[in-house]
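Heads up: the structure comes next, in structure tokens.
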Amino acid sequence: GQNIDQPTEMTATEGAIVQINCTYQTSGFNGLFWYQQHAGEAPTFLSYNVLDGLEEKGRFSSFLSRSKGYSYLLLKELQMKDSASYLCAALGTGANNLFFGTGTRLTVIP
Amino acid sequence: DTEVTQTPKHLVMGMTNKKSLKCEQHMGHRAMYWYKQKAKKPPELMFVYSYEKLSINESVPSRFSPECPNSSLLNLHLHALQPEDSALYLCASSQAGRVRYEQYFGPGTRLTVT
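So this is what it looks like as structure tokens:
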């Protein structure tokens with residue numbers, strides 16, 4: 001079966017750093033995605049990790065540990081527009097079989 | 111062009127109606143998807159088409175009928191829906207058969223069944 005866990009809600013201050021954790025269990029593993037979704041909008045791609053380690057892309061970084069079934073998304077220099085849901089999604093054995101976590105609703109406060 | 115378009119943006123239909131949702135992409139992607147998303151929940155995969163053939167059907171009721179007429183278009187035909195089918199329906203596309211499977215999502219169709 002598939003199981004993806006992430007915190008439901010987080011709050012952080014503008015300009016700060018926040019780390020959103022995700023643990024996963026899937027039948028086979030072909031990579032871990034992070035998507036951002038603003039309320040009422042479609043998810044947009046943030047990052048993809050298939051090898052262990054940290055991938056940095058501007059203010060956003062994503063980390064993967066395959067042996068621990070663990071990933072995190074790190075957001076630096078938070079801005080108000082970063083308030084959104086962040087979805088962790090694992091790609092299983094099927095070539096296109098993407099399983100989403102419930103999402104973490106991040107609220108950035110002044 | 112990295113856009114996935116969906117029509118209509120909003121749809122209200124009765125339980126006896128027949129309607130269709132449409133999705134289009136011109137990125138040359140050969141995998142296309144339908145997801146259903148309820149409020150404050152993650153997207154749930156419904157169907158996957160790979161090279162215009164249905165490759166995954168996640169036990170979706172037959173009142174939802176997908177169709178992939180060509181590599182750029184994906185339809186979802188709706189018939190005899192229930193109020194609990196009200197949700198945001200998202201279409202996505204990606205490369206097929208490649209290592210990186212980043213999916214591009216359309217803006218969705220917000221469906222209300224009355």
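Quick note, the sequences are listed as chains A and B, same order. The first sequence lines up with residues 1 to 110 when you count with the numbering used here. The second sequence lines up with residues 111 to 224 when you count with the numbering used here. Glycine included, C-beta positions come from ideal geometry on N, C-alpha and C.
With respect to the 8 Å criterion, Asp-5 (chain A) and Thr-26 (chain A) are not classified as neighbours on the basis of their beta carbons. Going by beta carbons, Leu-186 (chain B) and Met-123 (chain B) fall outside the 8 Å limit.
Under a criterion of Cβ atoms nearer than 7 Å, no residue of chain A is adjacent to Lys-163 (chain B); the nearest Cβ is some 12 Å distant.
The beta carbon of Ser-65 (chain A) is closer than 8 Å to those of Asp-52, Ser-71 in its chain, skipping five residues each way along the sequence. Straight across, the Cα-Cα distance linking Gly-101 (chain A) with Lys-150 (chain B) is about 11 Å. Listed in chain order, the beta strand (DSSP E) runs fully inside the stretch 62-110 of chain A are 70-75, 84-91, 98-100, 104-109, counting runs of at least 3 residues.
Here the C-alpha atom of Ser-47 (chain A) lies approximately 12 Å from the C-alpha atom of Ala-90 (chain A).
Shown here, Asp-195 (chain B) sits in a helix according to DSSP, grouped into three states. Taking a 10 Å sphere around the C-beta of Lys-81 (chain A), we find fewer than 16 other C-beta atoms and assign the residue as exposed.
With a 10 Å radius around the Cβ and a threshold of 16 neighbouring Cβ atoms, Ser-85 (chain A) comes out buried. In the displayed model, Leu-186 (chain B) falls within a strand according to three-state DSSP. For Ala-42 (chain A), the chain B residues whose Cβ falls inside 7 Å of its Cβ are Leu-200, Phe-215, Gly-216, Pro-217, Gly-218, in order along the chain. Put simply, the backbone Cα of Leu-32 (chain A) is about 21 Å away from that of Ser-165 (chain B).
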